[in-house]
Ligand code: GLU
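Residue numbers (our numbering): 3 to 473.
The structure is reproduced here in structure tokens:
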């Protein structure tokens with residue numbers, strides 16, 4: 003890689019589950035780094051000790067790997083940890099003091115407020131700018147904001163003009179000597195030779211300050227790009243409290259990585275052509291920050307599920323079985339592990355693959371095959387057996403089942419024969435049979451699983467249901 007190849011970075015703070023908005027930002031950086039033959043640096047911004055936890059860091063690394071971003075790819079660099087650079091952050095602050103770009107101030111926040119009240123302004127008024135104070139206990143180091151305007155050149159938003167008069171002399175080192183995040187973030191970007199900062203829009207208000215720091219530290223600013231937020235259906239910003247935002251949670255429910263990353267890339271951007279479901283490679287080739295929409299993008303869970311359904315349909319049957327078995331053979335299933343029959347699931351798989359939107363839906367479609375008793379709920383049972391002839395026709399079906407050759411065709415004709423005798427349509431006739439055998443009123447086609455369950459077990463379930471219906 004040449005030295006002027008672009009260097010992107012993704013710089014999450016490990017304070018919780020990995021947010022879908024973060025995942026989208028990571029994908030933007032990744033795609034551009036890969037396409038341009040550059041680097042994607044993963045930097046964990048772990049300096050807020052009260053909120054960080056190591057498991058969140060691992061969660062981010064795992065979720066990125068799930069989306070295809072990991073250290074097995076030569077474009078990937080890291081993870082680096084911001085906390086490891088603390089000395090560099092302080093050293094940079096000291097350089098800014100030595101060069102006159104920053105100065106110490108000993109006012110307490112009460113004194114600052116008091117002064118603001120007297121002059122009828124808000125915030126810090128630059129009181130200590132020319133007092134020539136040196137470092138000392140309780141003194142903060144502040145940046146000397148120059149006069150004029152700061153123009154942030156942003157690939158998504160165009161040129162954004164900030165009047166420096168609206169920006170107070172902001173703090174770089176706290177009274178206890180620790181650097182603030184704003185400074186740490188810039189110093190790390192400089193140290194890591196970052197050329198492109200692509201991140202969430204919420205950081206835009208800080209960007210003029212950061213651009214001034216780049217300048218004062220003797221570097222040209224990076225290319226900025228601030229990506230609009232994701233919102234829910236009420237057009238409110240996605241929040242941890244209100245919305246399902248954790249990538250991990252979608253993964254557990256059986257959203258496929260390919261579907262997730264394709265869907266995330268359609269938020270505020272669209273691949274050329276009529277369809278949004280496209281090969282990853284074509285997204286990598288065509289994505290441009292300049293084409294990202296300025297307005298917030300709606301994170302539509304239903305649409306994500308529809309995407310996922312499409313991706314499930316695109317899988318080969320072997321892939322589908324493999325993915326489904328991650329769930330079917332996990333400890334969360336409702337049947338004892340030794341009752342799972344892979345050959346039964348394989349036989350059912352084509353019928354299930356066409357009917358699920360997320361992989362977790364596979365479980366209730368096939369649980370009755372592996373549970374000792376079908377998971378019957380009272381409401382479905384009562385409804386299915388409410389008709390006058392429900393029990394008697396089911397009895398007749400059972401009689402037919404006793405003597406037929408046990409295969410799908412014969413099972414189907416036996417049920418149809420009973421229907422013809424009574425002039426009842428197949429759909430209606432099936433309801434009590436379905437509930438008796440599967441415990442549910444909806445599910446995959448019925449005759450295949452009946453064949454799989456076998457004559458004895460099917461008849462046992464029918465008899466149990468009949469006994470219950472007649473109680
Ligand atoms: N650590 C910041 C965050 O998680 C990111 C800052 C940045 O990308 O510059 O929001």
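In this text, a Cβ means the ideal position worked out from N, Cα and C, and glycines have one as well.
What you are looking at is a predicted structure, and each value in this text was computed from that prediction instead of being measured.
Label residue i either buried or exposed according to how many other C-beta atoms from any shown protein chain fall within 10 Å of its C-beta, with 16 as the threshold for buried.
{"i": "residue 211", "result": "buried"}
{"i": "residue 31", "result": "buried"}
{"i": "residue 39", "result": "exposed"}
{"i": "residue 9", "result": "buried"}
{"i": "residue 137", "result": "exposed"}
{"i": "residue 48", "result": "buried"}
{"i": "residue 56", "result": "exposed"}
{"i": "residue 86", "result": "exposed"}
{"i": "residue 58", "result": "buried"}
{"i": "residue 311", "result": "buried"}
{"i": "residue 440", "result": "buried"}
{"i": "residue 14", "result": "buried"}
On a Cα-Cα basis, can you pick out the residue from the options that is closest to residue i?
{"i": "residue 359", "options": "338, 343, 317", "result": "317"}
{"i": "residue 240", "options": "116, 24, 386", "result": "24"}
{"i": "residue 126", "options": "36, 205, 145", "result": "145"}
{"i": "residue 434", "options": "423, 450, 417", "result": "417"}
{"i": "residue 245", "options": "204, 48, 295, 302", "result": "302"}
{"i": "residue 105", "options": "355, 130, 118", "result": "130"}
{"i": "residue 235", "options": "299, 262, 335", "result": "299"}
{"i": "residue 80", "options": "89, 92, 63, 355", "result": "63"}
{"i": "residue 2", "options": "136, 412, 369", "result": "Any answer about residue 2 is impossible in this case: the structure gives the chain only from 3 up to 473."}
{"i": "residue 464", "options": "26, 173, 70, 400", "result": "400"}
{"i": "residue 335", "options": "324, 372, 45, 357", "result": "372"}
{"i": "residue 393", "options": "473, 69, 84", "result": "473"}
{"i": "residue 175", "options": "219, 94, 439, 87", "result": "94"}
{"i": "residue 305", "options": "329, 267, 295, 325", "result": "267"}
{"i": "residue 102", "options": "262, 118, 91, 134", "result": "134"}
{"i": "residue 41", "options": "388, 14, 78, 27", "result": "78"}
{"i": "residue 461", "options": "429, 415, 398, 428", "result": "398"}
{"i": "residue 451", "options": "407, 395, 357, 349", "result": "349"}
{"i": "residue 164", "options": "209, 16, 198", "result": "209"}
{"i": "residue 389", "options": "430, 329, 177", "result": "430"}
{"i": "residue 273", "options": "294, 455, 262, 395", "result": "294"}
Quick check: does the Cβ of residue i come within less than 8 angstroms of any heavy atom belonging to the ligand HEM?
{"i": "residue 202", "result": "In terms of ligand content, the structure shown lacks the ligand HEM and carries the ligand GLU instead."}
Who are the near neighbours of residue i in its chain, counting only those whose CB is closer than 7 angstroms to its CB and skipping five residues on each side?
{"i": "residue 331", "result": "342"}
{"i": "residue 382", "result": "437, 442, 443"}
Who are the Cβ neighbours of residue i in its own chain at under 6 angstroms, not counting the five residues just before and after it?
{"i": "residue 161", "result": "153, 155"}
{"i": "residue 337", "result": "372, 373"}
{"i": "residue 289", "result": "33"}
{"i": "residue 170", "result": "125, 126"}
{"i": "residue 3", "result": "Here residue 3 scores only 42 on pLDDT, less than 50, and its place in the model should not be relied on; the value that follows carries that caveat. Excluding residues within five positions, none has a Cβ falling inside 6 angstroms."}
{"i": "residue 467", "result": "438"}
Ignore the nearest five residues each way along the sequence and tell me which others in residue i's own chain have a CB closer than 8 angstroms to its CB.
{"i": "residue 391", "result": "424, 426"}
{"i": "residue 264", "result": "278, 279, 280, 282, 285, 309, 313"}
{"i": "residue 148", "result": "166, 214"}
{"i": "residue 296", "result": "158, 159, 230"}
{"i": "residue 355", "result": "314, 315, 317, 319, 322"}
{"i": "residue 326", "result": "347, 351, 354, 361, 364"}
{"i": "residue 403", "result": "413, 416, 457, 460, 461, 464"}
{"i": "residue 27", "result": "12, 200, 201, 202, 229"}
{"i": "residue 448", "result": "432, 435, 436, 439, 440"}
What is the C-beta distance between residue i and residue j, in whole angstroms, given that I count them as a contact (C-beta under 8 angstroms)?
{"i": "residue 206", "j": "residue 292", "result": "That belief does not hold up - the Cβ atoms of residue 206 and residue 292 are roughly 17 angstroms apart, past 8 angstroms."}
{"i": "residue 1", "j": "residue 19", "result": "Any question about residue 1 goes unanswered here, given that the chain covers just 3 to 473."}
{"i": "residue 186", "j": "residue 69", "result": "No, residue 186 and residue 69 are not in contact; Cβ-Cβ is about 26 angstroms, not under 8 angstroms."}
{"i": "residue 319", "j": "residue 344", "result": "Not a contact, Cβ separation roughly 13 angstroms."}
{"i": "residue 142", "j": "residue 173", "result": "5 angstroms"}
{"i": "residue 420", "j": "residue 453", "result": "Contact flag wrong, Cβ pair sits at about 17 angstroms."}
{"i": "residue 469", "j": "residue 387", "result": "Incorrect: roughly 12 angstroms between the Cβ atoms, too far for contact."}
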